[in-house]
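**Student:** Just passing along the structure, written as structure tokens.
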Amino acid sequence: MRHVRFILIAVLLCAATLVSAARAETVNITFLLTNDIYKVDNRAERGGFARLNAVIKAERAKGGNVIYAHAGDLISPSLLSGLDQGAHTIALTNLAPPDIFTPGNHEFDFGSEVFMTRMGEARFPLFAANLRDADGKPLPGFKDTELRSIGALKLGIVGLTAEDSPVKSRPGDSLAFAPTFDTAIARAEELRAAGADMILVVAHANRALDMRLFNSGAFDIILSGDDHDLALFFDGRTVLAESREEAEFVTAIDVTATIEEKDGNRRVTWFPNFRIIDTAGVTPNPETQAKVDAYNAELDRELNAPIGTTATPLDSRKATVRMGEAAIGNLIADAVREAVKADIAILNGGGIRGNKEYAPGEITRRDVLTELPFGNKTVKLEVNGATVLAALENGVSGVENAAGRFPQVSGLTFTADLTKPAGARVTAVSIAGKPLDPAASYTLATNDYMFDGGDGYVMFKDAQPLLGVRDGKLMANDVMAYIVARKSVDPKVEGRIELKK
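Pasting the structure below:
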């Protein structure tokens, strides 16, 4: 009997071990990330909607668990978006729809009504935990979070739109943006309490905010947009990734998670493997490419006609127009100042978007609209000298970060000392060859985005409009008219802005 008892105990122990082992499960998930893709006329060697969709479809065709996240900036700014307000980008994205989409600041470039219209056309899930209407209610069709079961793994998902959209875009007063970090922490705690094993954050956020999320230790995977960098951080606990821009690269994160439940305790361990997919070697998806070709043919017919020539080279690369005086900035500022007969012009360098170099030669409508895709209008304001000084201080407050607020100017010159703190950098300003008088009145040409306080130009919001938004013309048309009237232009860097470093 004693031997029978020992055998029975051994069998029971073995059975218990088998039961325990049976409750361990491995789950594999591939996370895919894109962000900041909006140019349908991207004819470069890598990137574009057709290559992006080919990558997504190929990854999904492998089978298994694939979660494709789009971290925002989709409907603007692009050449065609200036004509159809981003309808084409939604149509192209619908051909290989993401599993998670969170809006970037450029989703609001055409106002809240267009934003809601475009989002209503999307055939993919929308997330924005920090976005509400004016009454504090969630927007129709949007989720804050989701707790998704993937095999035995419970994945908590949080989506976060760009909290700085009211400064960088034009959402209007009907939308409210809560702080990204505080919202993320609160929603993650709720998801953990609901049983989430891992927390995925998809956010449109600048790098400083990304790193704050990363260093908090509250999240497992953070997929971000906004900085246009190819970035990857992993400290053994948290992953942070961004996939540059225009789908030049797609970040793939292959995660293996093991879920064990033993004696009533649940333990989840996971580890990532990273693949940076360079789309230069990707064959475009045929269905998407056919639609892209049709859009480009339409644009070619309308926009390829030359309107004049430039005798000097032009450079609209980000670092050029956001970190110093630029010949193309001088051209555009001169054009809008002349269009409304203003004393001076101040324009945000971030509104110049082509990010390219032009050799001397023909200028086409396409070139102008590539540089000015937002559909902004030229406005004329009456301001005092103190307002001009405050605007220039704002403009040079983020030079180190290539902030879009950097001023391109006409009718004035100024000097700024970048070794001084932001807000106290401008050391000299001259208008028409005379020192700026803080009490004097000047007429200012700018764009309606800045007039509405965009890019931190809140000092313009209370200015007296002499030519307001209702009567203003498109900036792009003012620039075209300026070039057409002259037939040839020769803008150059001529000492309007002096930066001491």
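Sequential numbering of the sequence shown, starting at 1, is according to my numbering.
We put the CB at the ideal spot given by N, CA and C, even for glycine.
1. With 16 other CB atoms within 10 Å as the buried threshold, where does Q464 fall?
2. Could you spell out the range, first to last residue, of the alpha helix (DSSP H) harbouring A319?
3. Straight-line CA distance for A193 to G141?
4. In angstroms with no decimal places, state the Cα-to-Cα distance between S81 and L303.
5. Evaluate N265 with the Cβ neighbour count: other Cβ atoms within 10 Å of its Cβ, from every protein chain shown; 16 or more gives buried, anything less gives exposed.
6. Please give the ranges of any alpha helix (DSSP H) in the segment 394-451, keeping only runs that are unbroken, at least 4 residues long and fully inside the region.
7. Would you decide whether S149 is buried or exposed? Buried here means 16 or more other CB atoms lie within 10 Å of its CB.
8. So, helix, strand or coil for H88, using DSSP?
9. On a CA-only basis, which of G111, L126 and I90 is nearest I100? Give me that one, please.
10. Out of E246, A257 and G217, state which residue places its alpha-carbon closest to the alpha-carbon of T238.
11. Is it buried or exposed, D278, if we count other Cβ atoms within 10 angstroms and call 16 or more buried?
12. Over what stretch of residues does the alpha helix (DSSP H) that includes S243 continue unbroken?
13. I need the straight-line Cα distance from S133 to E261, nearest angstrom please.
14. For the pair the segment 402-422 and the segment 104-121, tell me if three or more CB-CB distances fall below 8 Å.
15. For the segment 331-341 against the segment 415-430, do three or more pairs of beta-carbon atoms, one drawn from each stretch, fall closer than 8 Å, so that the two count as touching?
16. When the Cα atoms are used, what is the spatial distance from T256 to V250?
17. Using the rule of at least 16 other Cβ atoms within 10 Å of the residue's Cβ for burial, across every protein chain shown, is A22 buried or exposed?
18. When you compare each of T117, N94 and N130 to F124 by their alpha carbons, which one comes out closest?
19. So what does DSSP say about G120, is it helix, strand or coil?
20. Short of 6 Å in beta carbon distance, which residues of its chain neighbour A122, apart from the five on each side in sequence? Order them along the chain.
21. Give a yes or no on whether the C-beta atoms belonging to T378 and A481 are separated by under 8 Å.
22. Between which two residues does the beta strand (DSSP E) holding L303 run?
23. Closest by CA to T320, which one among L392, G350 and T180?
24. Excluding sequence positions up to five away, which residues of its chain have a Cβ less than 6 Å from the Cβ of E189?
25. If you count every other CB in all the chains shown that lies within 10 Å of the CB of F274, and 16 or more means buried, which is it?
26. Grouping DSSP H, G and I as helix and E and B as strand, with all else coil, what is E382?
27. According to DSSP, simplified to helix, strand and coil, what is S76?
28. Helix, strand or coil for A390? Go by DSSP, reduced to three states.
29. Smallest Cα separation from A50: which of H88, A432 and D73?
30. According to DSSP, is G195 part of a helix, a strand, or is it coil?
31. Would you tell me roughly how many angstroms separate the C-alpha atoms of A231 and R170, rounded to the nearest one?
32. Determine the contact status of D210 and I222, defining contact as a CB-CB distance below 8 Å.
33. Taking only the alpha-carbon atoms, compute the straight-line gap between G509 and K341 and give it to the nearest angstrom.
34. Is it buried or exposed, G225, if we count other Cβ atoms within 10 angstroms and call 16 or more buried?
35. Please look up how many angstroms separate the CB atoms of N42 and E287, rounded, as I've assumed it's under 8 Å.
36. Would you give the residue range spanned by the alpha helix (DSSP H) that K57 belongs to?
**Tutor:** Concretely, from the data shown:
1. Exposed, by the Cβ-count rule.
2. For A319, the uninterrupted alpha helix (DSSP H) run begins and ends at K318 to V321, by DSSP.
3. Rounded to whole angstroms, A193 to G141 spans 25 Å at the Cα level.
4. Distance between the alpha carbons of S81 and L303 is about 14 Å.
5. exposed
6. Listed in chain order, the complete alpha helix (DSSP H) runs (minimum 4 residues) inside the segment 394-451 are 448-451.
7. exposed
8. The answer is helix: DSSP assigns H88 an H, G or I state.
9. L126
10. G217
11. Note on D278: under 16 other CB atoms within 10 angstroms of its CB, so exposed under the neighbour-count rule.
12. Unbroken run through S243 is the beta strand (DSSP E), V239 to S243; no alpha helix (DSSP H).
13. Per the sequence shown, residue 133 should be read as Asp rather than Ser. Using only the alpha carbons, I get a separation of about 42 Å.
14. no
15. no
16. Counting only the Cα atoms, V250 lies some 19 Å from T256.
17. Because the pLDDT of A22 is 48, which lies under 50, any placement of that residue in the model is unreliable, and the question is left without a value.
18. Measuring from the Cα of F124, the nearest candidate turns out to be N94.
19. helix
20. I90
21. no
22. Note, L303: premise wrong, no beta strand (DSSP E); alpha helix (DSSP H) at P286 to L303.
23. G350
24. none
25. exposed
26. In this structure, DSSP gives E382 an extended state, which the three-state scheme calls strand.
27. coil
28. Three-state result, A390: helix.
29. H88
30. DSSP places G195 outside both helix and strand once states are collapsed to three, so it counts as coil.
31. 28 Å
32. Here D210 is near I222, since their CB atoms are less than 8 Å apart.
33. No answer is possible for residue 509: the residues shown for the chain start at 1 and end at 501.
34. buried
35. Contact doesn't hold; Cβ gap of about 17 Å is too wide.
36. Bounds of the alpha helix (DSSP H) holding K57 are F49 to A61.
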